[in-house]
Each structure stands twice: as structure tokens, then as C-alpha cells.
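In the numbering used here, the protein residues as written are 93 to 312.
All C-beta atoms in this analysis are idealised placements derived from N, C-alpha and C, irrespective of residue type, glycine included.
The following block contains the structure:
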């Protein structure tokens with residue numbers, strides 16, 4: 093049985109698109125042709141905020157399930173551009189040296205300051221929201237390196253404003269709320285962790301906490 097699109101009345105498609113890749117090995121940011129496809133009901137929950145995604149399975153390997161997504165919009169000469177940035181925070185992946193160079197930090201600095209940081213490659217896919225603004229329904233487009241500057245500034249500002257740490261704090265609040273409201277006979281049926289990856293409710297709960305604790309270890 094074919095996979096079903098995550099959004100009603102959407103269509104299944106798989107297109108080759110030019111994406112901007114920030115390589116983890118520290119090499120120069122470049123355009124790479126990647127598969128942009130329809131998000132389906134079988135996808136991990138972090139991808140289901142938008143109707144299209146980049147296929148990151150080969151990029152992140154066993155850590156694919158920990159893929160996260162950020163949205164960035166900028167304007168150049170009156171033309172609006174929207175990008176979805178696919179990234180990972182798994183400690184099994186190397187610190188992204190390309191972005192570290194852009195920001196002006198080193199791995200030793202990050203460890204000393206107990207900061208979360210992007211790991212593995214970051215892939216930026218250009219999209220066109222259906223409504224013209226940030227929207228769930230998007231169409232994938234070819235990226236352009238002329239738009240690299242705003243993306244780098246977005247990452248730089250995100251680090252300075254501790255966006256990754258704020259996201260972790262939000263997830264901790266979700267977990268605390270889950271424990272206070274749903275713990276007990278219904279704990280495996282209700283709450284945010286049921287949207288997480290796993291083959292059953294108990295596994296989803298366990299994986300949510302495991303990934304949360306992995307990031308907690310970084311910040312202390």
C-alpha cells in the first residue's frame with residue numbers, strides 16, 4: 093500500500109532540487125542536488141509541520157529519526173524567500189565545522205561553554221508557501237547561493253540568542269506537563285510523546301525521554 097501524504101488533498105511527488113548544504117567537515121557551503129519529496133503520514137513527527145521535506149536518510153543514517161527543521165524568511169530587492177533548514181543535534185554526529193566557522197566558535201569553546209550546536213550537515217531547501225507567508229503547505233524550489241548571506245546570519249543570530257537551548261527548555265516543559273497530566277494508566281496513550289518516533293506508545297515515550305536526556309547532558 094503506497095504511503096499517504098500527511099496533508100489532505102496533497103499529492104505524492106519526488107523531485108530533484110538544488111539545496112544549500114553547510115557541510116559538517118568544514119568545507120565550503122555549496123549547492124547540492126537532493127531529493128525533495130512529499131511528507132507522508134509515516135514520516136517522523138518533526139517533518140510533518142510542512143508538506144515537503146528533503147530526504148535526509150542518507151545524510152544522517154541511523155540518526156535520521158532525530159532530524160529537526162527550522163524555518164527562515166528573508167527579503168532581497170523586495171522579493172521574499174523562504175527556506176526550511178534540516179538539521180540534527182545528535183551527539184553521534186560531528187559538530188558542523190562550517191557553521192562553527194561562520195559563527196566564529198570552536199568545538200573546544202562549545203564544550204567549555206556547555207552549548208548545544210548543529211551536528212552533521214545542515215541542508216536548506218527553498219520553498220514557496222501556498223499563502224505567500226509561512227504555511228504548512230509549501231512547494232519546493234531550487235535554492236540560490238545569492239541567498240546564503242541571510243541564512244548564515246540566521247544561524248549566527250540563532251546561536252547568539254541560544255535558540256537551541258530554548259528549544260530544549262521547551263521540550264523539558266512538554267515532558268514535565270506530560271508527566272503531571274498523563275502519568276498513570278493513560279500515560280502511554282496521551283501526551284506529546286505519542287507523536288514521537290517509535291513502533292508503539294511505550295517505545296515513543298522511552299525514545300522521547302532518551303533524546304531529551306542526551307541533550308541535557310550537553311548543557312549540564
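Coarse secondary structure for residue i, derived from DSSP in three states
| i | result |
| --- | --- |
| residue 149 | helix |
| residue 232 | strand |
| residue 250 | helix |
| residue 99 | coil |
| residue 212 | strand |
| residue 180 | strand |
Rounded separation between residue i and residue j - CA only
| i | j | result |
| --- | --- | --- |
| residue 131 | residue 194 | 31 Å |
| residue 97 | residue 106 | 12 Å |
| residue 296 | residue 138 | 13 Å |
| residue 190 | residue 115 | 6 Å |
| residue 110 | residue 237 | 10 Å |
| residue 227 | residue 221 | 5 Å |
| residue 126 | residue 232 | 11 Å |
| residue 95 | residue 163 | 25 Å |
| residue 306 | residue 247 | 22 Å |
| residue 179 | residue 272 | 31 Å |
| residue 181 | residue 170 | 34 Å |
| residue 93 | residue 204 | 50 Å |
| residue 265 | residue 129 | 32 Å |
| residue 298 | residue 215 | 28 Å |
| residue 140 | residue 104 | 14 Å |
| residue 252 | residue 293 | 36 Å |
| residue 206 | residue 239 | 31 Å |
| residue 118 | residue 257 | 23 Å |
| residue 148 | residue 209 | 18 Å |
| residue 311 | residue 202 | 10 Å |
| residue 267 | residue 197 | 31 Å |
| residue 223 | residue 101 | 16 Å |
Residue i, enclosing alpha helix (DSSP H) - first and last residue
| i | result |
| --- | --- |
| residue 222 | Looking at the DSSP string, residue 222 is not in any alpha helix (DSSP H), and its letter there is neither H nor E. |
| residue 302 | 293-311 |
| residue 203 | 199-205 |
| residue 195 | 189-195 |
Residue of the options minimising C-alpha distance to residue i
| i | options | result |
| --- | --- | --- |
| residue 219 | 304, 165 and 133 | 165 |
| residue 244 | 112, 96 and 199 | 112 |
| residue 173 | 217, 109, 151 and 104 | 217 |
| residue 308 | 183, 157 and 200 | 183 |
| residue 151 | 140, 119, 250 and 213 | 213 |
| residue 146 | 239, 234, 288 and 260 | 234 |
| residue 291 | 103, 135 and 124 | 135 |
| residue 155 | 140, 144, 186 and 177 | 186 |
| residue 392 | 241, 200, 142 and 267 | A query on residue 392 cannot be resolved here, the shown segment of the chain reaching from 93 to 312 and no further. |
| residue 175 | 142, 257 and 99 | 142 |
| residue 108 | 99, 124 and 100 | 124 |
| residue 303 | 159, 200, 153 and 100 | 159 |
| residue 211 | 249, 270 and 177 | 177 |
Per DSSP, cross-strand counterpart(s) of residue i
| i | result |
| --- | --- |
| residue 166 | 173 |
| residue 106 | 129 |
| residue 238 | Answer by DSSP bridge pairing: none, since residue 238 is not bridged. |
| residue 112 | 123 and 216 |
| residue 258 | Note: residue 258 sits in no beta bridge, so no partner. |
First through last residue of the beta strand (DSSP E) which encompasses residue i
| i | result |
| --- | --- |
| residue 124 | 122-130 |
Residue i at chain C interface by Cβ criterion, 8 Å
| i | result |
| --- | --- |
| residue 290 | Absent here is chain C; the protein component of the structure consists of one chain. |
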